[in-house]
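Student:
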Amino acid sequence: MSEVTLIGTRLAEVGREFVFRGESSACEGCPYRGQCLDLSPGTRYRITGVRENAQTLDCAVHDGGVRAVEVEPAPIPANVPSKSAYAGSKTELAGSCPYTDCPSHTYCVPDGAELGVEYRIDEVVGDPPHDYCMLDRDLTLVELVSREE
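Counting with our numbering, you get residues 636 to 784 for the letters of the sequence shown.
Right under this line is the structure:
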């Protein structure tokens with residue numbers, strides 16, 4: 636289900652994904668707050684459409700202003716323990732990881748997902764991008780259902 640919201644003009648492109656972080660202190664007093672802050676904080680979204688005839692509105696956060704886009708909750712690509720990696724099953728992330736240089740780090744600690752929260756697996760993608768897990772975890776790359784879906 637698509638929602639209409641406002642996003643920075645430089646970010647307004649179909650297919651771009653982002654995690655809505657909530658209100659900035661610069662939003663205080665803005666007349667467009669209701670249109671910008673209508674998403675759920677911590678949720679990952681994908682832009683599905685950019686309103687072509689919409690005007691660019693001034694914004695204290697985005698230097699190029701904001702414009703109207705259509706968004707929908709996006710699946711969260713994540714590495715999860717292989718023993719629970721089945722489409723339709725529920726799982727949690729394996730835990731935090733200090734190895735930020737690992738090619739899988741963004742999947743082990745993905746934007747839009749929290750440690751200790753149970754998520755449903757939408758799709759099993761396959762092997763993670765790393766050759767070896769420094770924490771000796773047996774992981775599988777999946778797409779988790781966003782909390783909003």
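Just so you know, even glycine gets a beta-carbon here, dropped at the ideal spot from N, CA and C.
1. Could you pull out every residue in the same chain whose Cβ sits closer than 8 Å to the Cβ of R668, ignoring the five residues on either side in sequence?
2. In the DSSP assignment, what are the bridge partners of F653?
3. Tell me, which residues are paired with T726 by DSSP?
4. Below 8 Å, can you find three or more Cβ-Cβ pairs linking the stretch 665-680 to the stretch 716-729?
5. Can you give me the start and stop residues for the beta strand (DSSP E) that T775 sits inside?
6. Return helix, strand or coil for A661, following the three-state DSSP convention.
7. Just to confirm the assignment, what range does the beta strand (DSSP E) spanning G643 have?
8. DSSP three-state label for R668, please.
Tutor: Based on what the coordinates show:
1. If you number the sequence shown from 1, residue 668 lands on position 33. Once the five neighbours on either side are set aside, the close Cβ partners of R668 are E658 and C662.
2. Here residue 653 corresponds to residue number 18 of the sequence shown, with the count starting at 1. When DSSP reads this structure, F653 sits in a beta bridge with Y680.
3. Position 91 of the sequence shown, counted from the start, is the residue given in the question as residue 726. The partner list for T726 (beta bridge, DSSP) reads Y754.
4. Three or more beta-carbon pairs separated by less than 8 Å are not found between the stretch 665-680 and the stretch 716-729, which leaves the two stretches without contact.
5. Sequence index remark: in the sequence shown, residue 775 carries index 140 (1-based). For T775, the enclosing beta strand (DSSP E) covers residues L774 to L779.
6. Here the question's residue 661 lines up with position 26 in the sequence shown. Correct three-state label for A661: helix.
7. Translated into the one-based positions of the sequence shown, residue 643 becomes position 8. G643 -> beta strand (DSSP E) spans E638 to G643.
8. On the sequence shown, residue 668 is found 33 positions in, with the first residue counted as 1. DSSP places R668 within a helical segment (H, G or I) once states are collapsed to three.
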